[in-house]
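*Asks:*
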Amino acid sequence: MKSKGGRMPGVKILAWSVATNARFPLASMRLLRGPQSCDQIAGENIVPIGLRSASAPVQSNAWLIGPLTLLGVTLAFCYGTTLQMMVTQWLYNNMYHYAFLIPLVSLYMIWERREKFRGLDPKPHYVGGISLLLLGQFMLVAGTKGGLLALAELSFIVNLFGAVLLVLGTRFFKLLFFPIAYLLFMIPAWEILTNQLHFPFQMFAVELGSKLLELVGIPTYHDGVYIQLPNVTLEVAEACSGMNYLIAVIAVVLPAAHLHLPSWRKQVILVVGAIGVAILANPLRVSIIGITSYYGLSDNLHGPFHVLQGMIVSAAGYVAIITGLWILSEPRLAARPLQEETGRTQMMFKPAFSNRQSRYVCLALSCFLVLMGAHLNLTDPIPVQLKTELKYFPIEIGQWKGQENTPDYPVFRELRVDQELSRVYRDASGKSVTLYIGFYSSQREGKELISYKTQDLLDSRASELKVSLEQPNTVTLRRVVHAENNRKRQILYWYDLDGRVVTDRYLAKGYTVWDAF
């Protein structure tokens, strides 16, 4: 633009931050007519600004590789036993076979967003990071010492969040939040949710599957989880409820939506649609099994053909998800050169002092994790022995005489107690009472007082019972009645933790954790 006199006047402009989009002047720059050197304008009150061409490389965060690798190794050492038991659950629990892929998918999501990490300056967030790490370590110790494996496994995710926030700061935390949160799918704790949903999903599959069979002219009658056809009866068992398939579908569709759909509304549409497809797929599979069984196309309901039917329905569900992703995704534009997006020049990133802080914080955190790992993995609780062995428990109590026997329920042989007593006491009239006492001198995962193995026997339909003693007090026990061999058997039980008589399994777990600390 020329002035009235035909000369281009000096124009002052403000340089704005491109990287952070912060609206504050970084420097004052003057556009001058004609070539002039810095010496010619040295006397003016102008602050020079560092510029570089668009082709110059952005400051690399490669220096983070070493410290973060060290942090990852020490975190794995701290969680050595917990991770080992987690992988064991993946191997032997059919519901979690997919979990082997979850860490790889998480890493892939981070790799896909790698360009967004370039040029980010790590700024440790001490308050948030330390708070999350303290919470995570509390969960780890409570889960390990109290025999709560799911709590210890969940603490791994919490500690990952805390480490990222403490070492790298909030901007890295926001970018890494979804890939880390996605790791929740590898935690073998989903039974807490799915166990409550198996039966409703079984009933839904029975009702809708029966209606689909009637639509094609096959008469049906369903009672509970059974579908009766003229020539065969189908049972929609718990393993056929479709919950495992639903969890696997959600684990697949979430990263796909996150990576390929920029709008959160489209992400929600895809996820909700995928859940609907997964829910409807199971009744469809049930109806296909009914059709093939009714027409004699498959005599073996549990053979290879049954597996093939399930695979076909599952594949159709994934095809529907991929189709939805293709419809909702936007066409990608060809990648433009960097200078077209940010101009021919970019601001130069200067090494920040926080980089050095991140190194020191990472080193300190690694040392802390090594100490915690050594305490959790290399030390055992000190056993507390009984003053008198259980075998010296009185063989005669009043008119009752005891006789040694093996436990009536095989589950008691799997509890790995340190000492046990199993006797049958009888009186003169022939009445009998079976007494079982199991004692743990110390507890750890897999060797614990409150075990899932006894949950069906002891805690199903149990009620409280107050027993009056000779002293002026009462003891609260738990009572459960089981039908065995056409007769009812009453079981009274309680837990004794350092002299505390407890009947609730969760309260007993709480006392175990408290004693561990």
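Be aware that the sequence shown starts at 29, since it is given in the working numbering, and climbs by one per residue.
Beta carbons: idealized from backbone N, C-alpha and C, even for Gly.
Because the structure is a prediction, the values reported are computed rather than measured.
1. Check this for me: beta carbons of Y184 and T110, under 8 Å apart or not?
2. Quick check on DSSP: helix, strand or coil for L225?
3. Can you give me the C-alpha to C-alpha distance between L135 and G466, rounded to a whole angstrom?
4. Please go through the segment 427-469 and give each complete alpha helix (DSSP H) segment of 4 or more residues, from N-terminal end onward.
5. Return yes when at least one heavy atom of the ligand SAH lies under 7 Å from the C-beta of G190, else no.
6. Counting beta carbon pairs with one atom in the segment 112-119 and one in the segment 402-418, are three or more of them shorter than 8 Å?
7. Candidates D446, Y273, L274, I425: which alpha carbon is nearest Y453's?
8. Go ahead and pull the three-state DSSP assignment for R489.
9. Expressed to the nearest angstrom, what Euclidean distance is found between the alpha-carbon atoms of P435 and S450?
10. Within the segment 200-254, note down every full alpha helix (DSSP H) run reaching 4 residues or more, in order along the chain.
11. Note down the Cα distance separating S83 from D149, rounded to an integer number of angstroms.
12. So L203 packs on K144, CB below 8 Å; how close in whole Å?
13. Report buried or exposed for G94, applying the criterion of at least 16 other Cβ atoms within 10 angstroms of its Cβ.
14. So is Q413 buried or exposed if we call it buried at 16+ other beta carbons inside 10 Å?
15. Reducing DSSP to helix, strand and coil, say where T502 ends up.
16. Reducing DSSP to helix, strand and coil, say where Y107 ends up.
17. Over the uninterrupted alpha helix (DSSP H) stretch that includes Q518, give me the two end residues.
18. Please work out which residues of its chain come closer than 8 Å, Cβ to Cβ, to A178, disregarding the five sequence neighbours upstream and downstream, and give them in chain order.
19. For G156, which residues from the same chain have a beta carbon less than 6 Å from its beta carbon, with the 5 sequence-adjacent residues on both sides left out?
20. Near N405, what residues of its chain come up, given a Cβ to Cβ distance below 6 Å and the 5 sequence neighbours on each side ignored?
21. So which of V296, L243, Y420 has the shortest CA-CA distance to L356?
22. Helix, strand or coil for D484, going by three-state DSSP, please let me know.
23. As a quick exercise: from L477, S460, V461, T462, pick the residue whose alpha carbon is nearest that of Y468.
24. As a quick exercise: from F128, L92, N121, pick the residue whose alpha carbon is nearest that of G147.
25. Considering only residues of the same chain and omitting the five flanking positions on each side of T482, which have a CB-CB separation below 7 Å?
26. Under 8 Å by Cβ, that's how I've got P283 and M137 pegged, so tell me the actual separation to the nearest angstrom.
27. Does the distance from the C-beta atom of L274 to that of A285 stay below 8 Å?
28. Have a look at G304, L535, S479 and flag the residue whose alpha-carbon is nearest the alpha-carbon of G175.
29. With respect to the beta strand (DSSP E) encompassing L262, which residues constitute its N-terminal and C-terminal limits?
30. Just checking my contact of S386 with V195 at CB under 8 Å: how many whole Å lie between their CB atoms?
31. For E263, I'd like the list of residues in its chain whose CB is within less than 7 Å of its CB, leaving aside the five on either flank, ordered along the chain.
32. On the three-state DSSP scale, how would you describe I173?
33. Please classify R472: does DSSP put it in a helix, a strand, or coil?
34. Pick out the complete alpha helix (DSSP H) segments inside the segment 125-200, 4 residues or longer, and give them in chain order.
35. Determine the DSSP secondary structure at I355, reduced to helix, strand or coil.
36. Give the straight-line distance between the Cα atoms of L493 and W522, rounded to the nearest whole angstrom.
*Replies:* Reading off the structure:
1. A small correction: the amino acid at residue 184 is Phe; Tyr does not occupy that position in the sequence shown. Contact flag set, yes.
2. coil
3. 46 Å
4. You should have found no qualifying run.
5. Although the ligand SAH was asked about, the structure shown includes no ligands whatsoever.
6. no
7. Sorting D446, Y273, L274, I425 by C-alpha distance to the C-alpha of Y453 places I425 at the top.
8. coil
9. 6 Å
10. 219-222, 226-243
11. With a pLDDT of 44 at S83, under the threshold of 50, the modelled position of that residue is not reliable, and no figure is offered here.
12. 6 Å
13. exposed
14. exposed
15. strand
16. coil
17. It is not in any alpha helix (DSSP H) - Q518 instead sits in the beta strand (DSSP E) that spans 515-521.
18. Within the same chain, A178 has close Cβ partners G171, I215, P216, A217, I220.
19. L193
20. G108, T109
21. V296
22. Here DSSP, grouped into helix, strand and coil, assigns D484 to helix.
23. L477
24. Comparing C-alpha distances from G147 to each of F128, L92, N121 shows the shortest one belongs to L92.
25. V439
26. 6 Å
27. no
28. S479
29. Here the beta strand (DSSP E) through L262 covers 261-263.
30. That belief holds up - the Cβ atoms of S386 and V195 are roughly 5 Å apart, short of 8 Å.
31. V253, Y254
32. It is Lys, not Ile, that sits at residue 173 in the sequence shown. K173: helix per DSSP, three-state reduction.
33. strand
34. 130-140, 142-145, 154-173, 177-195
35. helix
36. 11 Å
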